[in-house]
Structures are given as structure tokens and as C-alpha cells.
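Residue numbers (our numbering), protein chains in the order written: chain A, 1366 to 1669; chain B, 1366 to 1669.
Written as C-alpha cells, this is what we have:
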């Protein structure tokens, strides 16, 4: 079930390139059909938000899950691009002064710095809206029932009970520190829900069985937990290196994480445990699941 | 083809009551299915944004259009409620300090005043997301192809090429005054697109013919133009009464409107012309279209 790290990283980069190309074409004026003019300024802000050279981990999970279940590769790429638009909307809004107030992202000014706050709000709104457009557009070659299932699953992963709700809990956590269970819930919503959707989306668009969908959802949940703990660990250790003490950006903002509560050793052991759990969940699929398992390992071990 | 104003206003109020009841139930914690906790604070902000005693004109257009084409009344109410969530999201974001910076709406503090700015951003995001959830949810008894068509039409009415794009053009208009054609385009996007969608949605969910869809779309466009000119006129005359001179809030913000450019007499004549056009468009449907025609009259003549 193992493939080489090289094979995995090559494939991750290939999907990133294809996703970037598709996103760029989806965000050209011409591609946005409609009989009324489109504001160039807003479109430019959306491109700034999306075409940022990201790793495109979520699209990779969609396409790898679709490959496992025999789904159409082109449709998977489009669903991945839709998900990336939605992910990028959340970054634009999270970066706003009223939220996390971040000026830089990936070495570039954030959208409200490069443009202005009103444009950043509208660019986020438009990207969120466009994600649903891309999924149901005629160019996405999927049956209508798959499209409606994808829209429902994405709306639930992104809305009040998912990512947006998790961000609200995260902001509240600066004043009322949540306990361990509270942190787990918050993180499952804020970052876990979209990663789980990415995995499940591949199964939905492939018409996979309910059993397969449940299994890949659980894989997505486990991968999401690993993603978050790796993130917490990076925050803890990266800042420890630069600041010379064991406090990170999260701690500075008064945000407790599992890694900060339970320590670096616990976090490292938990990451190993989660990777094993991810492997066990996909064991029934044998070698065909190798790419997804590498993705879980990559998420757990990433250094940026 | 005429019905009494009383009949129309009674029906408008009935639909508003039913819509309000449905929205309240859709925005209860219990109704938002999902295995993870929902943040009460955010849900309360969403309720504040939506349950505000509005006229529910857009849901009324959806249900009246569905009635004309023989669509299911319950499904039409749900689509109307989804559209109202989306309309209310746009009001919450438009009211933000970075946008129109309004503290009050319908005699109540706006969401960022009653809660805070971050919560208002997230409440808007969540309402936008929830609109798509409601349309595709299993409880909305429509075939999958109608659901995907509704999602696509709504996403295009709301996104870069529609409402959000129109708001971007409107903000830009404060610095670069658009000419008459520019104002028409801006308003068709900012307020017209959702009103057109409301009319078209009734046809889509009823499985109406392409010819019927085109006709009701045009009716929606004409009604949208009447809505905007009536709005401009109210801004012009309401402020003229209170301020003792012929300048309104739009003028104070440096925003040109058709009514301010061409004068009150032109605007009043244009409203009459648009109502006649709306009547002519629905003449082929005879008495069954009476409620929609009254809606166009109401929009053109409204005093608030």
C-alpha cells in the first residue's frame, strides 16, 4: 500500500498545476457567462485571493477520492476548483480586520490590503457564491442527483454547522477558553468539515456506495484532525524557534490548542496514531488507496 | 385582469406570515441538522438579520410565479425562504462599516451594531450558504434537475455578474460617476438580478416551458427596474420633504440615480410605462397573472 514520497509529491504538484489552470480559466471575464457587465476590480480581487500558488490539498483529496471510486477525473477537478474557491473565500474573510486582522498571506498582501475592505468582503461573497455555480454548471459533467448531493454536503460543511460556525466559535474562544472537548468540536468545524467534504465529494461524484461514503468520511475526519494538530504543532514549534520560547501565535492570541494544552510529545504521538487510523480505514481498498494514505501522512508531517 | 388592491395586500401579508414562520423554523437550532454543535451567538445574529418583519416581496414573487405555472406551493415557499436568506445576507454585508456603514434598518440596530462586525460578516456568510442548503435539502420536494437549475440561476443572480458585482459597481460609483447606461447596468445587477430570479424561480420549480421562462424573466426585469426607480424617487422626495431641498441620501453620497439625473416627472412617467410593459408581458396569461401584475403596480407605487 506504500508509494514513494516522490510519486506522491509529483502527483500533488500535477493536481495543483491542473487546478490552478482551471481556476484561472474559471476566473476569466469571458468564462463568467451572463449578459451583464462584470466589474473588473472585483474579479481581480477574486483572482488575487485564489491564484496564490497554494498546495491545493483539498482538490487533491477530491481527485484522489474520485480516482479510488472510479469517478470522472474532469468532474473531480471542477469540484476541486469549486472547493478551492470556497476555501479561499474563507481565508479572505478570516483575514479581515474585524476577524484575524492579517496583512500578509503566502508572502503577498491579503485582499483587503491589496484592494480595500469592501472589495475583500465582496470578493469573499462572490467566491462563496461561485463555488456553488461551478458545481451545478452544465460544464460539470455529473448527473443532477450528484450535483444536488454535492451542493448540500458543501453547504453543510461551510455554513453555520461547519466552517463558518467554527470560525465564530474560534473568535469566541479568545474570550471564553474552551475545554478540550470544546477545542475538538471547534476544530472539527473550522478546518475539519471542508477536508472531510473534500474526501466525501470524490465518493459522491463517483456514485460510490453508502458504505464507501461512510468510510471515506471517517478518513476525511481523521485527516482533518491530523491537519489541525500538525498546524498547532507548527505554530508552537515555529514560533519557539524564532521567538526563543514555547509560545506561538495562537497562544499570543489567547487561543488554546490541543498541542499547547497537552504538549509537543503528545501531539507528535497523536499524529502517528491518526496516520495509523487513516491507514486502517482505507486498508480494505488495498493499493488503490495508496495516494490518499500518502496524503494523510503528508498532512501529519508537513513543515509549512 | 384586475384584482382589488385589498385582495393583493391581503395575499402579500399572508405569504409574508407563512414565510416568516418557515424562516423561523429553518433558523431553529434543531432544524439545522448536523452532528456537530452550532454556535448560538451566530444563529441569533442570523435570526436578527432575517426575522425582521420585512414585506417578503421576493418570496411573494416566487409563490405567485409558481402559482401561475402550476408549481407546488410548499416548494415555492421554501425557495422563497432561501431567497429571503440570501437577500438578508446582502443587507447585513451592505450595512457593514466598510460598505454603506448603516447603524439602523427597519427601526432596529443592524447586525454589526446589535452583535459585532465579525459576527455580522459570519452571519452574512452563513445565510448565503444556507440559501443553497435550503434549495437542495431533501425537504424541498422538487426533482433534482429543478434544484440544480435553481442553484445555478440563484448563484448567477447573486454573484460577481449579479448582486455582489452590482454592489461593487455601486461602491465604485461614489468615485467614478457612471453615465446613464452605467447606472442602468449597475441597478440591473444590484437589485434587479434577485427580483428577476424570484420571478424565474417560480417558473423553474414548476417545470414551465422555455417560452414561459423567458416571458417571466422579462417581467422580472421590468419589475426590477420599476423597483429601483421607485426607490430612487422615494430617496429624492422623502429627503426633499425633510431637508427642504431636492437632494437625498444618494445625492449626499455622490451617487447618481436615474431619478436624480432625469427628474421626478420623468421618473413618475417611467414608472407608469414600466407597469404597462409588465401588464403587456403577462397579458397572454389572462386573469391568472393578476397577482403578479398587482405586484408590479405595488412595487412602482410603494411609499416605503
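Note that the Cβ used here is the ideal one computed from N, Cα and C, for glycine as well.
- DSSP places residue 1656 of chain B inside the alpha helix (DSSP H), whose first and last residues are 1655 to 1666.
- Between residue 1639 of chain A and residue 1545 of chain A, the gap from beta carbon to beta carbon reaches 8 Å or more.
- Against chain B, the CB of residue 1458 of chain A has a partner CB under 8 Å away; the residue lies at that interface.
- Contact check for residue 1533 of chain A and residue 1477 of chain B: beta-carbon distance about 14 Å, past the 8 Å limit, so the pair fails to qualify.
- Two segments are said to touch when three or more pairs of C-beta atoms, one from each, lie closer than 8 Å; by this definition the stretch 1464 to 1480 of chain A touches the stretch 1411 to 1419 of chain A.
- For residue 1458 of chain B, the enclosing alpha helix (DSSP H) starts and ends at 1438 to 1459.
- Counting only the Cα atoms, residue 1446 of chain B lies some 22 Å from residue 1404 of chain B.
- Residue 1509 of chain A has a beta carbon lying within less than 8 Å of a beta carbon in chain B.
- Among the residues of chain B, those whose CB is under 8 Å from the CB of residue 1406 of chain A are 1533 and 1537, following chain order.
- In this structure the stretch 1512 to 1531 of chain A touches the stretch 1494 to 1514 of chain B; the number of beta carbon pairs closer than 8 Å is three or more.
- Across the structure, residue 1384 of chain A and residue 1432 of chain A are spaced so that their CA atoms are roughly 16 Å apart.
- DSSP places residue 1470 of chain B within a strand segment (E or B) once states are collapsed to three.
- By the neighbour-count criterion, in which 16 or more other beta carbons inside 10 Å mark a residue as buried, residue 1628 of chain A falls on the exposed side.
- Under the DSSP assignment, residue 1368 of chain A falls outside any alpha helix (DSSP H); it carries neither an H nor an E label.
- Contact between residue 1589 of chain A and residue 1567 of chain A fails: their C-beta atoms lie close to 15 Å from each other, not under 8 Å.
- Boundaries of the alpha helix (DSSP H) harbouring residue 1528 of chain A: 1528 to 1538, taken from the DSSP string.
- At a cut-off of 8 Å, the C-beta of residue 1512 of chain A has a neighbouring C-beta in chain B.
- For residue 1482 of chain A, the nearest CB of chain B lies under 8 Å from its own CB, placing it at the interface with that chain.
- Residues of the stretch 1483 to 1502 of chain A with a C-beta atom less than 9 Å from some C-beta of chain B are 1483, 1484, 1485, 1486, 1487, 1488, 1489, 1490, 1491, 1492, 1493, 1494, 1495, 1496, 1497, 1498, 1499, 1500, 1501 and 1502, listed in chain order.
- CA-CA distance, residue 1381 of chain B to residue 1387 of chain B, rounds to 10 Å.
- Under the DSSP assignment, residue 1482 of chain A falls in the alpha helix (DSSP H) whose first and last residues are 1482 to 1501.
- A Cβ-Cβ distance of about 3 Å is found for the pair residue 1436 of chain A and residue 1571 of chain A, placing them in contact under the 8 Å criterion.
- The three-state reading of DSSP puts residue 1574 of chain A in coil, since its state is none of H, G, I, E or B.
- At the C-beta level, residue 1425 of chain B and residue 1456 of chain B stay beyond 8 Å of one another.
- Within 8 Å of the CB of residue 1578 of chain A, no CB atom of chain B is found; the nearest one sits about 15 Å away.
- Take the alpha-carbon of residue 1560 of chain B and the one of residue 1526 of chain A: they are about 29 Å apart.
- Within chain A, no residue has its beta carbon less than 8 Å from that of residue 1573 of chain B; the closest one is some 18 Å off.
- Just so you know, the alpha carbons of residue 1443 of chain B and residue 1391 of chain B end up roughly 9 Å apart.
- Residue burial is scored here from C-beta neighbours: residue 1662 of chain A has at least 16 other C-beta atoms within 10 angstroms and is therefore classed as buried.
- When B:1529, B:1573, B:1541 and B:1574 are compared, the shortest CA-CA separation from residue 1552 of chain B is found for B:1529.
- In the same chain as residue 1667 of chain B, and ignoring 5 residues on each side of it, the C-beta atoms closer than 7 Å to its own belong to 1595, in chain order.
- Taking 8 Å as the cut-off, the Cβ atoms of residue 1434 of chain B and residue 1563 of chain B do not count as close.
- Between residue 1489 of chain A and residue 1458 of chain A, the beta carbon gap of about 4 Å places them in contact (Cβ cut-off 8 Å).
- Residue-level contact check: residue 1529 of chain A touches chain B, since one or more beta carbons of chain B fall below 8 Å from its beta carbon.
- In this chain, residue 1504 of chain A is not harboured by any alpha helix (DSSP H), its DSSP state being neither H nor E.
- For residue 1479 of chain A, the nearest beta carbon of chain B is not closer than 8 Å to its own beta carbon.
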